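Taking my numbering, the leading residue of the sequence shown gets 95, the next gets one more, and so forth. Cβ coordinates follow ideal geometry from the N, Cα and C atoms, glycine included. Keep in mind it's a predicted model, so treat the numbers as computed, not measured. Following: one structure in structure tokens, then a few remarks.
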Amino acid sequence: MKAIIFIVIISCFSGSYAQYAVLPENFVYVEKAVPGIMQEIRYAGKHNFTGRTVQSYNAPVAILTKAAAKALCKVQEELLNEGYCLKIFDAYRPQSAVNNFVEWAKNEEDTVAKNVYYPEVKKSKLFQKGYIASRSGHSRGSTVDLTIVDADTGEELDMGSPYDFFGSISHHNSNKPSKKQQANRELLKNVMNKYGFRPYSEEWWHYTLRNEPYPDTYFDFPVE
Numbered sequence: 095m096k097a098i099i100f101i102v103i104i105s106c107f108s109g110s111y112a113q114y115a116v117l118p119e120n121f122v123y124v125e126k127a128v129p130g131i132m133q134e135i136r137y138a139g140k141h142n143f144t145g146r147t148v149q150s151y152n153a154p155v156a157i158l159t160k161a162a163a164k165a166l167c168k169v170q171e172e173l174l175n176e177g178y179c180l181k182i183f184d185a186y187r188p189q190s191a192v193n194n195f196v197e198w199a200k201n202e203e204d205t206v207a208k209n210v211y212y213p214e215v216k217k218s219k220l221f222q223k224g225y226i227a228s229r230s231g232h233s234r235g236s237t238v239d240l241t242i243v244d245a246d247t248g249e250e251l252d253m254g255s256p257y258d259f260f261g262s263i264s265h266h267n268s269n270k271p272s273k274k275q276q277a278n279r280e281l282l283k284n285v286m287n288k289y290g291f292r293p294y295s296e297e298w299w300h301y302t303l304r305n306e307p308y309p310d311t312y313f314d315f316p317v318e
């Protein structure tokens, strides 16, 4: 494990980006900036609350601002030292993808993934309850959805609810998770907070870089 950690430390922001699309200035591909990080970009496939690939997610890759990626690299290094690893579900999100969510939410007949992601919430209430919005911090490039996995097995730590589950059990202050599940959430929150990320109270997986470089800009280049 020590050798792996050493490689990560010297490899942050190394390597070529030639096989990827050209990104806007100050954006990077997370897997290049944070070696060893795992990715499961849900919106690039059907395993998400819409039940289909989301518009503008043309590849299963995570993109962040350089500032957010550098901070995330420090999180990864510390977790690796403890035998854990980060796993990303979503990072930068194009505004057109957010618009796609809005259109999906308006179609109350489309409930193909309801039983998995929002079994206790009427689709018509998703806006009212804040689960869907017309603007997302993800589009500013410094917000990330993620969890922690065992570095040896790749198994996710039990956080008490799945990623993107629309319900009170996903809130940080929920008393529904077990003590172990709450401890796992605290492990993620503490290390993310240590390196400059603030949590979102309604979602245990959602973090935004404090002092993000583009606090008022919502980007719309595709994920590819």
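task = Could you say which of Leu303, Leu220, Ala277 lies nearest to Ser262 if we only look at CA atoms?
result = Along the sequence shown, read from residue 1 onward, the residue named residue 262 stands at position 168. Ranking the options by Cα distance to Ser262, first place goes to Leu220.
Counted within 10 angstroms of its Cβ, other Cβ atoms place Asn269 as buried (16 or more) or exposed = Looking up residue 269 in the sequence shown gives position 175. The residue in question, Asn269, is exposed, as its Cβ has fewer than 16 Cβ neighbours within 10 Å.
task = Reducing DSSP to helix, strand and coil, say where Phe221 ends up.
result = Here residue 221 refers to the residue found at position 127 of the sequence shown. In this structure, Phe221 counts as coil in the three-state DSSP scheme.
ask   = With Leu303 and Ser236 assumed to form a contact (beta carbons below 8 Å), what rounded beta-carbon distance in angstroms separates them?
value = For the purposes of this step, residue 303 is taken as the residue at position 209 of the sequence shown. For the purposes of this step, residue 236 is taken as the residue at position 142 of the sequence shown. That belief holds up - the Cβ atoms of Leu303 and Ser236 are roughly 4 Å apart, short of 8 Å.
query = On the premise that Ala165 lies in contact with Tyr294, defined as a C-beta separation below 8 Å, what is that separation, rounded to the nearest angstrom?
reply = Walking along the sequence shown from the start, residue 294 turns up at place 200. Walking along the sequence shown from the start, residue 165 turns up at place 71. Contact doesn't hold; Cβ gap of about 16 Å is too wide.
key: Boundaries of the beta strand (DSSP E) in which Arg187 is found, first to last residue   = For the purposes of this step, residue 187 is taken as residue 93 along the sequence shown, with counting starting at 1. Neither: Arg187 is in no beta strand (DSSP E) and is coded neither H nor E.
query = Which of helix, strand or coil does DSSP assign to Tyr151?
reply = For the purposes of this step, residue 151 is identified with residue 57 of the sequence shown, where counting begins at 1. Strand.
Nearest-angstrom Cα separation, counted from Val116 out to Gly254 = Translated into the one-based positions of the sequence shown, residue 254 becomes position 160. Translated into the one-based positions of the sequence shown, residue 116 becomes position 22. In a straight line, the C-alpha of Gly254 is about 38 Å away from that of Val116.
key: Cα-Cα separation, Glu172 to Val285   = Residue mapping note: residue 172 aligns to position 78 of the sequence shown, counting from 1. Residue mapping note: residue 285 aligns to position 191 of the sequence shown, counting from 1. Near 8 Å, if we compare the C-alpha coordinates of Val285 and Glu172.
ask   = Would you say Lys217 and Asp204 are within 9 Å of each other, going by their C-beta atoms?
value = For the purposes of this step, residue 217 is identified with residue 123 of the sequence shown, where counting begins at 1. For the purposes of this step, residue 204 is identified with residue 110 of the sequence shown, where counting begins at 1. A contact, by the Cβ cut-off of 9 Å.
ask   = Tell me, which residues are paired with Ile157 by DSSP?
value = One-based indexing of the sequence shown puts residue 157 at position 63. According to DSSP, Ile157 bridges with Tyr123.
inquiry  = Quick check on DSSP: helix, strand or coil for His266?
reply    = The residue labelled residue 266 in the question sits at position 172 within the sequence shown. Note: His266 maps to coil in three-state DSSP.
request  = For the region 188-205 and the region 155-165, state whether three or more C-beta atom pairs, one from each stretch, are separated by less than 8 Å.
outcome  = no
inquiry  = Give me, in chain order, the residues of the same chain whose beta-carbon lies closer than 6 Å to that of Asp310; leave out the 5 immediate sequence neighbours on both sides.
reply    = Here residue 310 is taken as the residue at index 216 of the sequence shown, counted from 1. So the list is empty, once near-sequence residues are dropped.
key: Distance between Ala161 and Phe291 (C-alpha atoms, nearest Å)   = In the sequence shown, residue 291 corresponds to position 197, counting from 1. In the sequence shown, residue 161 corresponds to position 67, counting from 1. Rounded to the nearest angstrom, the two C-alpha atoms are 11 Å apart.
request  = Kindly indicate which three-state DSSP category His232 falls into: helix, strand or coil?
outcome  = Translated into the one-based positions of the sequence shown, residue 232 becomes position 138. Helix.
task = Assign Phe260 to one of three DSSP states: helix, strand, or coil.
result = Taking the first residue of the sequence shown as 1, we reach residue 260 at position 166. It is coil, neither helix nor strand.
Val238, enclosing alpha helix (DSSP H) - first and last residue = Position 144 of the sequence shown, counted from the first residue, corresponds to residue 238. Val238 -> not in any alpha helix (DSSP H); beta strand (DSSP E) instead, spanning 237-244.
ask   = Which class does Val128 belong to by DSSP, given the choice of helix, strand or coil?
value = What you label residue 128 is simply residue 34 of the sequence shown in a count that begins at 1. Coil at Val128, not helix or strand.
task = Examine the Cβ distances between the region 243-250 and the region 206-215 and report whether three or more of them are shorter than 8 Å.
result = no
For Tyr301: DSSP bridge partner residues = On the sequence shown, residue 301 is found 207 positions in, with the first residue counted as 1. Partner(s): Val238, Pro293.
message = So, with DSSP's three-state summary, where would you put Val317?
response = In the sequence shown, residue 317 corresponds to position 223, counting from 1. Note: Val317 maps to strand in three-state DSSP.
task = Taking Asp258 as the reference, give the member of Met132, Tyr186, Val206, Tyr225 with the closest Cα.
result = Here the question's residue 258 lines up with position 164 in the sequence shown. The shortest Cα separation from Asp258 among Met132, Tyr186, Val206, Tyr225 belongs to Tyr225.
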